[in-house]
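Below: the structure, in structure tokens.
Number of protein chains: 2
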Amino acid sequence: MIRVVVVDDEQLVRAGLRLILEAAEDITVVGEAADGSGALEQAHRLRPDVVLLDVRMPGVDGLTVAPDVVAAGPKVIMLTTFDLDEYVHRALRAGAVGFLLKDTPPRELATAVRTVAAGNAMLAPTVTRRLISSFADRGPARRDAARQRLAPLTARELEIVREVARGHGNAEIARRLTMSEATVKAHVSRALAKLQAGNRVQLAILVHDADLL
Amino acid sequence: MIRVVVVDDEQLVRAGLRLILEAAEDITVVGEAADGSGALEQAHRLRPDVVLLDVRMPGVDGLTVAPDVVAAGPKVIMLTTFDLDEYVHRALRAGAVGFLLKDTPPRELATAVRTVAAGNAMLAPTVTRRLISSFADRGPARRDAARQRLAPLTARELEIVREVARGHGNAEIARRLTMSEATVKAHVSRALAKLQAGNRVQLAILVHDADLL
DNA sequence: GTCCGGCCCGGACGGCGGGTAGGGGTCTTC
DNA sequence: GAAGACCCCTACCCGCCGTCCGGGCCGGAC
Chain A
1 MIRVVVVDDE QLVRAGLRLI LEAAEDITVV GEAADGSGAL EQAHRLRPDV VLLDVRMPGV
61 DGLTVAPDVV AAGPKVIMLT TFDLDEYVHR ALRAGAVGFL LKDTPPRELA TAVRTVAAGN
121 AMLAPTVTRR LISSFADRGP ARRDAARQRL APLTARELEI VREVARGHGN AEIARRLTMS
181 EATVKAHVSR ALAKLQAGNR VQLAILVHDA DLL
Chain B
214 MIRVVVVDDE QLVRAGLRLI LEAAEDITVV GEAADGSGAL EQAHRLRPDV VLLDVRMPGV
274 DGLTVAPDVV AAGPKVIMLT TFDLDEYVHR ALRAGAVGFL LKDTPPRELA TAVRTVAAGN
334 AMLAPTVTRR LISSFADRGP ARRDAARQRL APLTARELEI VREVARGHGN AEIARRLTMS
394 EATVKAHVSR ALAKLQAGNR VQLAILVHDA DLL
């Protein structure tokens, strides 16, 4: 049996959600709250498996308490009317594993509760769409390209270039790797030639794009 | 009526998918293919709304043709047995808007087809979960922090620091912005002081983290 | 063995990068 | 309207960066 707490400032909405969820035989609503602080208290006291958390509420809103609720143990599904980018970002960073709009069909709501209870995630289709595009944009496209450009470097060279990308000077790198500063310069110079870069800054950019730190 | 093409190397799977989808009154399967090249041909000839594309197939596999199929117009849903990270990455980068596992319940499959046909996206719960965590990890956490650190800079200083982050030297920056090299140095120096950075490399890293180009 | 090639190391020189000081412009503040 | 603060620009000095050159080391080819 999946134990759920429902949080929304409107009693009518809470009642509706309760009806929908209780209709599923494997789900039971063990508590309700009307604002963020109530949600946190219930999460600690009742130890539910899932918390349905409304975004906009008077007092402490849902996005604000979301990190604390997550820390208390239960999986969190955010519930809102509008899928604003900022809402989604904050919710996901807070550790929410669900983000649904209030026009979600009842059946899907129960499915979402089961999904997150099982350790997986469920998002509204529009949210998923934008998450994908943001992933495809800043995704591993540049990363792989950068790694491929860094391929011709020797192990030692790469090691030094990584130090460069940390913003360290040649003298400092020499100390860290216990070698002469002249040697560091030579390695950097070789790397610059191999990568057809003019600056050590460009080396740093490459390493950064390649996600090496 | 949503027009769908089903692509899988096993005829039995194709038949099963067709049965499932045709059971929905608003969906019709207009074509089938057994490999990637067939999928591409059908996509061009039949102009379907959605293509269900298996990942592993003899000959041209699904991930390889996915970009071309997407370019041909239809929405692409990838279908696979295992949700390997590499599969998901390549599929999303290729422009797929769906990624489902073959153990998806029939009802969800029809839902997914409708969802992507409407311009949204649908992923298997396990895929969604990892997409979220990768988003939360490398998400706007550092980005916002970096922007906050860059806040004290004046407009001109930021402009110059961005040039620095592109790997340009002071002389080149001076040419681009039509000012003296000495001026560029002064601005860089101010920026270094304000941001408590020692190197121009560290400036570049900050700008890069802040996603400013 | 000997030659060859790649990698790691080091030294000496020219040029770029960064620090300091100061002048001119505009907008607030009293 | 004068003082002050802020931003933008410029000029000079020094240290760091990058290049060129060369030497020691290890592996494979013949």
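As you go down the protein sequences, you meet chains A and B in turn.
For the first sequence, position 144 (counting from the first letter as 1) is numbered 144 according to the working numbering, and the numbering increases by one without interruption.
In short: position in the second sequence from 1, add 213, done, that's the working numbering.
Each residue gets a CB set at the ideal place from its N, CA and C atoms; glycine is no exception.
Residue i versus residue j: straight-line alpha-carbon distance, rounded
i: Ala325/B; j: Met335/B; result: 6 angstroms
i: Ala237/B; j: Gln196/A; result: 58 angstroms
i: Val243/B; j: Val264/B; result: 10 angstroms
i: Ala186/A; j: Ala155/A; result: 14 angstroms
i: Val340/B; j: Thr126/A; result: 16 angstroms
i: Tyr87/A; j: Asp61/A; result: 11 angstroms
i: Asp221/B; j: Met270/B; result: 7 angstroms
i: Ile373/B; j: Val401/B; result: 7 angstroms
i: Gly214/A; j: Leu322/B; result: Outside the displayed range of chain A (1 to 213) lies residue 214/A, so it cannot be described from this structure.
i: Leu234/B; j: Phe348/B; result: 32 angstroms
i: Leu79/A; j: Glu157/A; result: 50 angstroms
i: Ala285/B; j: Ala330/B; result: 15 angstroms
Spatial neighbours of residue i in its chain, beta-carbon cut-off 7 angstroms, leaving aside the 5 residues before and after
i: Thr64/A; result: Gly36
i: Arg362/B; result: Leu408, Leu419
i: Asp83/A; result: Leu101, Ala124, Thr126, Val127
i: Ala378/B; result: Leu416, Ala417, Val420, His421
i: Leu425/B; result: Arg375
Sequence-distant residues of the same chain with beta carbon closer than 6 angstroms to residue i, five excluded per side
i: Glu245/B; result: Val219, Arg227
i: Thr81/A; result: Lys102
Contacts around residue i, its chain only, beta-carbon distance under 8 angstroms, and the 5 residues preceding and following it disregarded
i: Thr396/B; result: Ala387
i: Thr115/A; result: Gly98, Ala121, Met122
i: Ser393/B; result: Ala387
i: Val282/B; result: Ala252, Leu253, Ala256, Val264, Leu266, Val289
i: Ala94/A; result: Leu63, Ala66, Pro67, Val70, Val76
i: Asp26/A; result: Met1, Ile2, Arg114
Limits of the unbroken beta strand (DSSP E) element including residue i
i: Asp83/A; result: Looking at the DSSP string, Asp83/A is not in any beta strand (DSSP E), and its letter there is neither H nor E.
i: Asp267/B; result: 263-267
i: Leu314/B; result: 311-314
i: Arg162/A; result: Run containing Arg162/A: none in the beta strand (DSSP E); it sits in the alpha helix (DSSP H), 155-165.
i: Arg3/A; result: 2-7
Closest by C-alpha distance to residue i, when choosing among the options
i: Pro280/B; options: Gly272/B, Leu266/B, Pro271/B; result: Leu266/B
i: Gly119/A; options: His187/A, Arg176/A, Val76/A, Gly59/A; result: Val76/A
i: Ala146/A; options: Arg156/A, His208/A, Arg93/A; result: His208/A
i: Leu17/A; options: Leu101/A, Arg93/A, Ala151/A, Ile160/A; result: Leu101/A
i: Ala256/B; options: Arg413/B, Arg216/B, Gly380/B, Ser402/B; result: Arg216/B
i: Ala34/A; options: Leu109/A, Ala193/A, Leu12/A, Gly198/A; result: Leu12/A
i: Pro287/B; options: Leu234/B, Arg389/B, Ala309/B; result: Ala309/B
i: Val167/A; options: Glu223/B, Val414/B, Glu370/B, Leu366/B; result: In the sequence as presented, Val is not what sits at residue 167/A; that position holds Gly. When only C-alpha atoms are compared, the closest one is Val414/B.
i: Arg90/A; options: Ile345/B, Ala330/B, Asp298/B; result: Ile345/B
i: Pro319/B; options: Leu232/B, Thr241/B, Leu425/B; result: Leu232/B
i: Ala191/A; options: Ala210/A, Arg176/A, Leu153/A, Leu212/A; result: Leu153/A
Segment limits, alpha helix (DSSP H) that includes residue i
i: Val188/A; result: 181-195
i: Thr277/B; result: 275-285
i: Thr28/A; result: Looking at the DSSP string, Thr28/A is not in any alpha helix (DSSP H); the run it does join, the beta strand (DSSP E), is 27-33.
i: Arg192/B; result: Outside the shown range of chain B (214 to 426) lies residue 192/B, about which nothing can therefore be said.
i: Arg200/A; result: 200-209
Burial state of residue i, where buried means 16 or more other Cβ atoms lie within 10 Å
i: Thr178/A; result: exposed
i: Glu376/B; result: buried
i: Ala384/B; result: exposed
i: Pro261/B; result: buried
i: Ala151/A; result: exposed
i: Arg342/B; result: buried
i: Arg258/B; result: exposed
i: Gly198/A; result: exposed
i: Ala406/B; result: exposed
i: Leu92/A; result: buried
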